[in-house]
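Numbering (full-length UniProt numbering), first residue to last: 1 to 153.
Next up, the structure:
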């Protein structure tokens, strides 16, 4: 039986590590629906692939959670795209759309975050394909084989 606790990666964005409570992603197609006057069946038009989005409920928890939360907020506030690594998704180049921290008096040493990301696309999507993507996605479990796949990004 698979050991999920061992296989799940710790999450990070711009190298700042955090834990994930839950995450979701959304992608698909951009479809326009044309409703024709007097028609019984609509006409649909495929406009291409939809931009992937990622929503993450994250947290940092430690004796220095206040400093870790500042680091994550700073990483999310920087311009440009960077690598997002989630426990079960392949690493993606994304831009951070929103970073909402939450703190509670009853949970000292714990800072929660609601994070939203959008796939960077363009040149960044080309970097995340092929051997680099394989190394980033599976490098944790490849052991010595990962050395053979080493490609600098």
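We put the CB at the ideal spot given by N, CA and C, even for glycine.
Whole-Å CB distance - residue i paired with residue j, under 8 Å assumed
i: residue 63; j: residue 121; result: Their Cβ separation, rounded to whole angstroms, is 39 Å, which puts residue 63 and residue 121 out of contact at 8 Å.
Proximity of residue i and residue j at Cβ, strictly below 8 Å
i: residue 19; j: residue 29; result: no
i: residue 78; j: residue 14; result: yes
i: residue 91; j: residue 84; result: yes
i: residue 86; j: residue 99; result: no
i: residue 57; j: residue 22; result: yes
i: residue 60; j: residue 69; result: yes
Endpoints, the alpha helix (DSSP H) within which residue i is located
i: residue 77; result: 65-77
Start and end residues, beta strand (DSSP E) containing residue i
i: residue 103; result: 92-103
i: residue 50; result: Unbroken run through residue 50: none, as it is neither H nor E.
i: residue 22; result: 16-26
i: residue 6; result: Note, residue 6: premise wrong, no beta strand (DSSP E); alpha helix (DSSP H) at 4-7.
i: residue 30; result: 29-34
i: residue 11; result: 11-13
Identified DSSP bridge partners for residue i
i: residue 81; result: Note: residue 81 sits in no beta bridge, so no partner.
i: residue 120; result: Paired residue(s): none; residue 120 is not in a bridge.
i: residue 41; result: Answer is none; residue 41 lacks a bridge partner.
Closer than 8 Å to chain B by CB, residue i
i: residue 98; result: Absent from the structure: chain B. Only one protein chain is present.
Selected residue, minimal CA-CA separation from residue i, among the options
i: residue 43; options: 51, 82 and 34; result: 34
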